[in-house]
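S.K.:
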Amino acid sequence: MPRPPRDQFEALVREHHDAVYRAASRVLADSATAADVAQDVFVRVLQGKVHLDRAESVRATLCWLATMLGNNARRARRRRERHEENAMRTGERHDPAGHLDDKDLQLAVQRAVDELPPDLQLPLLLRCQDELTFASIGSALRVSESTAHERVQRALQRLRQALVGRGFAVAVGSLPPIVAAQPAPASPLGLQSRLLALAEGVPMAAVAWGRRALVAALGTASLAVVAFAANPFGGAPGGEPATAGPVVAAPSGAQDPPPAAPAPNRTVVTPAIPAAGQEPVPAIATHVFTGTVHDAAAWPLAGATVAAYTAGGQKPNRIAAATTDAAGAFRLQFRDPEFGARFVRLAVIEQDHMLLETADIALPHDDTAEPLRLVLPAAAGTATSRFVLAVRVQSSDGNALCGVPVRLFSANEPHPYPGQARGEVETATGADGTALLGGRALGAKWLFVDGREAGCAASFTPFAVDRAGNLETRIVLPAGRTLAGSIARLDGEPIEWANAWLEDEQSQLQHPGRMQPGGGVVFTGLGAGPYTLHVYAKDCSAMRRTGLRPGSAALTVALKRSDDTRDVGEHMGELHGRLVDAATGATVSFGAFCVEVLPRRDGESTLLLDAAEPPGPSQTMASDARFEQFHEGGLAPGRWVLVARVAGYAVAAQEFTLGEHTMRTDLTIPLVRGAEVRGTCTDAAGRPVPGASVFVVGVGELADRCLDAWRAQLQASERGEADVGAADPSVSVAWGFSDADGSFVLRAVPPGVAVRLTARAKGRELVVLPPRSFQAGERVDAVRVQFAVR
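In terms of numbering that gives the first Met the number 0, the sequence shown opens at residue 0 and continues consecutively.
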C-alpha cells in the first residue's frame with residue numbers, strides 16, 4: 000500500500016487509535032509500552048507497510064497488528080511477572096473461607112487468556128473485546144470466516160477447561176461477556192497528538208522502542224512487596240461493625256443507614272503536558288467515586304468488586320471496577336464513557352454474584368462529592384450468616400471425582416434451569432473430589448453437580464443451608480448413560496451444519512450431541528430420562544421428539560428442507576404462505592425480517608397485535624434479499640400470531656392454533672394501506688413537548704393490561720430501575736416521536752379496528768386518547784395530545 004495522504008492518515012489515527020491502544024494493552028500491562036506499540040503500528044501505516052486497501056475491516060487489521068507486536072514484548076515480561084508474583088506470596092491459607100476468598104474469577108480469566116496460544120488468543124479478543132464479526136476477524140488474520148469462528152470456539156473451550164483447573168466452573172456461553180469485561184484501559188492523554196505528529200515526519204519509532212528496553216530493564220531491577228491482610232468473613236477488626244454516613248440504597252428496598260467508614264485518600268491526577276510544537280491536548284473528564292460497602296448489619300464487605308456500568312437507557316457496558324479493602328472502602332476512577340453516556344450504575348459483586356445495584360447516578364462525578372455508602376439488602380445476608388459448604392463428589396464405585404462443576408442456586412424460583420440460570424456461587428471439585436461453595440444468604444437452595452464430563456450423570460437436588468459456618472454434604476453420581484443415532488436429510492443431500500441436544504424433561508438440563516462423520520450423533524452423561532430431542536440443521540425444518548430414554552432403539556432422524564411444504568418426515572409446527580395486497584390480490588415481496596411468529600398471550604383486544612408476546616430487543620443483520628413466500632417453522636403446539644411488517648402497509652397480524660407436528664400451507668396474509676395520523680404534543684400550558692413517543696393500542700381488558708404495564712415501565716425508567724434488555728409491554732404499532740415543535744406523524748395505523756392513541760414522555764403521565772377507528776388510506780390532521788402536570 001502506498002504512503003497514505005496526510006488527511007487520510009489523520010482520519011485513521013482519530014478513528015482507530017483508541018482501539019489500537021486497547022488491543023496492545025490487552026497483552027501489555029504497561030501503558031507506556033502499549034502506547035509505543037500503537038505508535039509503531041501507525042508508523043508502519045505511514046510507511047505504507049500495512050495493506051489496508053486489501054482489508055475488509057481496517058480496524059480489525061490494525062488491532063491484529065498491535066496484538067502481534069505487543070506479544071513480542073509480553074513474552075519476556077510474563078516470565079518476570081511470574082517471578083515477582085511468586086515472591087509476593089506469603090503462604091497458603093488453610094481456612095476454607097479464606098481459601099474461597101482467594102478465588103478471583105477475573106484474574107483467573109486474565110491469566111487463562113494470556114496463556115492461550117496466539118492463534119486462539121487473537122481471534123477471541125478481537126471477537127469479545129473489539130466486537131468484530133467473524134468475517135472481519137478472518138480478513139484481519141488472513142483465514143476463512145469459518146476458521147475464525149472455529150478458533151474462537153476452541154479458545155472458549157480451552158478457557159473453560161483452564162478455569163475448571165483453577166477451581167471455577169463457568170459455562171462456555173457465559174465466557175464471552177467475562178472476557179469482554181477484562182480491563183482494557185483507554186488510551187493515555189496525548190497519544191492521539193503524538194500519533195498525528197507522525198504525519199509531520201518526526202522520527203520517533205526508534206526512540207519509542209529504545210524507551211521500552213529501558214523500562215523493561217528498570218522493571219526487572221525494582222520489586223515492591225506489599226502485604227495485605229483482610230478478614231475473610233468481611234468483619235471489622237475487633238469483631239465490631241464499622242460506622243458510616245449517607246446511603247445509596249438498592250432499588251429492591253431501603254436499609255437502615257449505618258454510619259460510614261472514613262473515605263479513602265484522594266489521588267491527584269496530573270494531566271499530561273504536550274510536547275513542544277504540538278497542540279495542547281484537550282482536557283478529558285475524569286469521574287471519581289469513593290465510598291464504602293456494608294451489609295444490612297453494618298459489617299464492612301471486604302474483597303468485593305464494585306463495578307460501574309453505563310446506564311440512563313444505554314446498554315450496561317462495564318467501564319470500571321475496584322476491590323473493597325478490609326474496611327469495605329473503594330475508589331473508582333474512569334474517563335467519560337463511550338457513546339456519550341451521562342449516567343452510570345454501581346454494582347457490588349462478590350464471587351461473581353451481584354449483591355446490589357444502585358439506581359442511575361448522573362455524571363460528572365468527582366472526588367469532592369460526598370462518599371457513597373452502599374448497603375446490601377437484607378436478602379443478601381450478612382457477615383454473621385456466611386457459610387462455607389464443602390461438597391464431596393464421588394462416583395458410584397466410591398472414587399473421588401476431580402474437576403466436576405458444582406453450583407448452588409437459590410430456591411426462590413420453583414426450579415432453576417442449570418444450563419440457563421447463573422448460580423449464587425459456582426466452582427469445581429479439587430483433586431480430593433471436594434468443592435467449596437461460599438455464601439452469606441441462608442435458606443433453601445438447589446445443589447447442581449455436573450458429572451457429565453467425568454463420564455457420570457448430573458445431580459440436581461434440593462439442599463437446605465440452615466446455619467452459618469462450615470457445612471458439608473456428599474453427592475454420589477451414577478455412571479452416565481449413552482444414546483446414539485443418526486441425522487440425515489430426506490433428499491439425500493449432506494447436512495452442512497446441525498445442532499442437536501437432549502433436554503431432561505424433569506430438570507431441563509441440556510445435553511449437547513457430538514456430531515460424527517456421516518451424520519452420526521452421540522449423547523453422553525445421561526440419566527434415566529425421559530428426554531426431549533431437539534434438532535436444528537441448516538436449511539432444514541426444526542424437529543422435536545419427546546419421551547426418549549437411554550438404552551432404547553437406535554435413534555434415527557430424517558429432516559426435510561425448511562421450504563418443503565410436504566407433510567413428510569419429522570418437523571415441528573410450520574406456517575407456509577405469501578403476503579398479498581388486499582386491494583389487488585397481487586403477491587407482495589418482503590425483506591428477510593419482515594415476517595415473524597410470536598406466541599399468543601391470553602386476553603382480548605380489538606387489536607390482535609396486543610395479544611402477540613413482544614420479543615426482546617435484538618440485532619439483525621442487514622440484508623437486501625427479497626422473498627415472495629414465507630416459511631416459518633420450529634413452532635411448538637399452542638397459539639401463535641403471525642406478524643407481517645412491509646413498508647407502505649399497516650402491520651398485519653393473523654392468529655393460528657397449532658398442534659404437534661401441525662403444518663399450515665398455502666396461507667394468504669392480506670396487507671392493507673394504513674391511515675396517517677398527524678398532530679402535536681403539548682403540555683398543559685400549550686408548550687410543545689419534544690421527544691414524546693406516540694403509538695397505538697387496542698381496546699379491551701388485554702389492552703388495558705398493556706397500558707398499565709406501559710405506565711409501570713415509564714415510572715421504573717424515571718426511577719432509574721428500567722431493564723434496558725426487557726421487551727416492551729406490547730408490540731409496537733405505528734410508532735412515532737414528536738419533533739422540537741411537538742409535531743408527530745404516525746403512518747400505517749391499522750384501519751378498521753378501534754384503537755387508542757397513546758403517548759409517553761419522561762417526567763409526565765401516560766396520555767391515552769379515546770378509542771377511534773380509522774379507514775385505509777385516511778389522513779387525519781390536528782390531533783392534539785396534551786400532557787397533564789404531574
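We put the CB at the ideal spot given by N, CA and C, even for glycine.
From a predicted model like this one, the values you see are computed outputs, not experimental measurements.
Take the Cβ of residue 496 as the centre, count every other Cβ of all protein chains shown within 10 Å, and call the residue buried at 16 or more, exposed below.
M.R.: By 1-based counting over the sequence shown, the position of residue 496 is 497. In summary, residue 496 is exposed, with fewer than 16 beta-carbon neighbours lying within 10 Å of its beta-carbon over all protein chains present.
S.K.: Excluding five sequence neighbours on each side, which residues of the same chain lie with their C-beta closer than 6 Å to the C-beta of residue 747?
M.R.: Here residue 747 corresponds to residue number 748 of the sequence shown, with the count starting at 1. Cβ within range, chain order: 649, 673 and 733.
S.K.: Since residue 465 and residue 441 are thought to touch, with beta carbons under 8 Å apart, how far apart are those beta carbons, to the nearest angstrom?
M.R.: Within the sequence shown, numbered from 1, the residue matching residue 465 stands at position 466. Within the sequence shown, numbered from 1, the residue matching residue 441 stands at position 442. Residue 465 to residue 441, Cβ: 7 Å. Contact.
S.K.: Would DSSP call residue 654 helix, strand or coil?
M.R.: By one-based count along the sequence shown, residue 654 stands at place 655. When DSSP states are grouped into helix, strand and coil, residue 654 belongs to the strand group.
S.K.: Let's test the definition: count the other Cβ atoms within 10 Å of the Cβ of residue 58 and tell me whether it reaches 16, buried, or not, exposed.
M.R.: Position 59 of the sequence shown, counting from 1, holds the residue named residue 58. By the neighbour-count rule (16 or more Cβ atoms within 10 Å), residue 58 is buried.
S.K.: What's the C-alpha gap between residue 582 and residue 590?
M.R.: Translated into positions along the sequence shown, residue 582 becomes position 583. Translated into positions along the sequence shown, residue 590 becomes position 591. Cα-Cα distance, rounded: 21 Å.
S.K.: Drop a sphere of 10 angstroms on the beta-carbon of residue 353, count the other beta-carbons inside from all chains shown, and report buried for 16 or more, exposed for fewer.
M.R.: Mapped onto the sequence shown, residue 353 falls at position 354. Residue 353 is exposed by the Cβ-count criterion.
S.K.: Quick one: residues in its chain with C-beta nearer than 6 Å to the C-beta of residue 573, no 5 flanking neighbours on either side, listed in chain order?
M.R.: For the purposes of this step, residue 573 is identified with residue 574 of the sequence shown, where counting begins at 1. 632 and 662, listed in sequence order.
S.K.: Which partner residues of residue 598 appear in the DSSP bridge assignment?
M.R.: Counting from one through the sequence shown, the residue named residue 598 turns up at place 599. Assignment of beta-bridge partners to residue 598 by DSSP yields 639.
S.K.: Evaluate residue 10 with the Cβ neighbour count: other Cβ atoms within 10 Å of its Cβ, from every protein chain shown; 16 or more gives buried, anything less gives exposed.
M.R.: In the sequence shown, counting from the first residue as 1, residue 10 sits at position 11. Looking at its Cβ environment, which holds fewer than 16 other Cβ atoms inside 10 Å, residue 10 is exposed.
S.K.: In the DSSP assignment, find the unbroken beta strand (DSSP E) run with residue 16 in it and report its ends.
M.R.: Here residue 16 is taken as the residue at index 17 of the sequence shown, counted from 1. Residue 16 -> not in any beta strand (DSSP E); alpha helix (DSSP H) instead, spanning 5–24.
S.K.: Note down the Cα distance separating residue 404 from residue 14, rounded to an integer number of angstroms.
M.R.: Residue numbering aside, residue 404 sits at position 405 when the sequence shown is read from its first letter. Residue numbering aside, residue 14 sits at position 15 when the sequence shown is read from its first letter. Going by the C-alpha atoms only, they are around 43 Å apart.
S.K.: For a test of the three-state rule: what should DSSP assign to residue 339, helix, strand or coil?
M.R.: Within the sequence shown, numbered from 1, the residue matching residue 339 stands at position 340. Correct three-state label for residue 339: helix.
S.K.: Give me the DSSP bridge partner(s) of residue 801.
M.R.: Nothing can be reported for residue 801: it is not among the residues displayed for the chain, which extend from 0 to 789.
S.K.: Could you tell me the alpha carbon to alpha carbon distance between residue 678 and residue 771, rounded to whole angstroms?
M.R.: Against the sequence shown, residue 678 aligns to sequence position 679. Against the sequence shown, residue 771 aligns to sequence position 772. Their backbone Cα atoms lie some 15 Å apart in a straight line.
S.K.: Can you give me the start and stop residues for the beta strand (DSSP E) that residue 121 sits inside?
M.R.: Position 122 of the sequence shown, counted from the start, is the residue given in the question as residue 121. From DSSP, residue 121 is part of no beta strand (DSSP E) but of the alpha helix (DSSP H) over 117–127.
S.K.: Residue 709 lies in the alpha helix (DSSP H); which residues open and close that run?
M.R.: Residue numbering aside, residue 709 sits at position 710 when the sequence shown is read from its first letter. It spans 700–717 - the alpha helix (DSSP H) in which residue 709 sits, taken as one unbroken run.
S.K.: So who's on the other strand from residue 62, going by DSSP bridges?
M.R.: Sequence index remark: in the sequence shown, residue 62 carries index 63 (1-based). Answer is none; residue 62 lacks a bridge partner.
S.K.: If the criterion is Cβ atoms closer than 8 Å, does the pair residue 119 and residue 150 meet it?
M.R.: As a position in the sequence shown, residue 119 is number 120, starting the count at 1. As a position in the sequence shown, residue 150 is number 151, starting the count at 1. A Cβ-Cβ contact shorter than 8 Å links residue 119 with residue 150.
S.K.: Is it buried or exposed for residue 540, if we count other Cβ within 10 angstroms and need 16 for buried?
M.R.: For the purposes of this step, residue 540 is taken as the residue at position 541 of the sequence shown. Result: buried.
S.K.: Residue 508 to residue 69, Cα distance in whole Å?
M.R.: Here the question's residue 508 lines up with position 509 in the sequence shown. Here the question's residue 69 lines up with position 70 in the sequence shown. Cα to Cα, the separation comes out at about 42 Å.
S.K.: Exposed or buried, what is residue 484 when buried is set at 16 or more other beta-carbons lying within 10 Å of its beta-carbon?
M.R.: As a first step, residue 484 must be located in the sequence shown, where it is residue number 485. Counting Cβ neighbours within 10 Å, residue 484 comes out buried, since at least 16 surround it.
S.K.: Is the beta carbon of residue 645 closer than 8 Å to that of residue 597?
M.R.: Here residue 597 refers to the residue found at position 598 of the sequence shown. Here residue 645 refers to the residue found at position 646 of the sequence shown. No.
S.K.: From what residue to what residue does the alpha helix (DSSP H) around residue 466 run?
M.R.: Along the sequence shown, read from residue 1 onward, the residue named residue 466 stands at position 467. Residue 466 -> no alpha helix (DSSP H), and no H or E assigned at all.
S.K.: Note down, in chain order, each residue of its chain lying with its Cβ closer than 7 Å to the Cβ of residue 311, except the 5 sequence neighbours on either side.
M.R.: Within the sequence shown, numbered from 1, the residue matching residue 311 stands at position 312. Excluding sequence neighbours, residue 311 sits near 340, 341, 342 and 359.
S.K.: For residue 513, which residues of its own chain have a beta-carbon under 6 Å away from its beta-carbon, when the five flanking residues on both sides are left out?
M.R.: Sequence index remark: in the sequence shown, residue 513 carries index 514 (1-based). These residues qualify, in order along the chain: 521.
S.K.: Cα-Cα, which of 393, 350 and 362 is closest to residue 407?
M.R.: On the sequence shown, residue 407 is found 408 positions in, with the first residue counted as 1. Checked all of 393, 350 and 362; the closest Cα to residue 407 is 350.
S.K.: Which whole-angstrom value describes the C-beta separation of residue 726 and residue 613, a residue pair presumed to lie in contact below a C-beta threshold of 8 Å?
M.R.: The residue you call residue 726 lines up with position 727 of the sequence shown. The residue you call residue 613 lines up with position 614 of the sequence shown. Indeed, because the Cβ distance is near 4 Å, the residues count as touching under 8 Å.
S.K.: Per DSSP, what kind of secondary structure is residue 630 in: helix, strand or coil?
M.R.: What you label residue 630 is simply residue 631 of the sequence shown in a count that begins at 1. Strand at residue 630.
S.K.: Nearest CA to the CA of residue 797: which residue from 463, 551 and 562?
M.R.: Not covered by the structure: residue 797. The range shown for the chain is 0 to 789.
S.K.: Using a Cβ-Cβ cutoff of less than 7 Å, which residues in the same chain neighbour residue 111 once the five nearest sequence positions on both sides are dropped?
M.R.: For the purposes of this step, residue 111 is identified with residue 112 of the sequence shown, where counting begins at 1. Counting only residues of its own chain and dropping the five nearest sequence neighbours on each side, residue 111 has a CB closer than 7 Å to the CB of 158, 161 and 162.
S.K.: From 607, 592 and 606, pick the residue whose C-alpha is nearest to that of residue 622; which is it?
M.R.: Here the question's residue 622 lines up with position 623 in the sequence shown. Nearest C-alpha to residue 622: 592.
S.K.: Please determine, among 60, 386 and 463, the residue with the shortest C-alpha to C-alpha distance to residue 19.
M.R.: Residue 19 sits at position 20 when you count from the first residue of the sequence shown. Closest option to residue 19, Cα to Cα, is 60.
S.K.: Taking just the CA atoms, how far does residue 784 sit from residue 694?
M.R.: By one-based count along the sequence shown, residue 694 stands at place 695. By one-based count along the sequence shown, residue 784 stands at place 785. Each residue's alpha carbon lies about 12 Å from the other.
S.K.: Are there three or more Cβ pairs, one per stretch, closer than 8 Å when the segment 383–399 is compared with the segment 454–468?
M.R.: yes
S.K.: Who pairs with residue 576 in a beta bridge, going by DSSP?
M.R.: Counting from 1 along the sequence shown, the entry for residue 576 is found at position 577. DSSP lists 629 and 666 as partners of residue 576.
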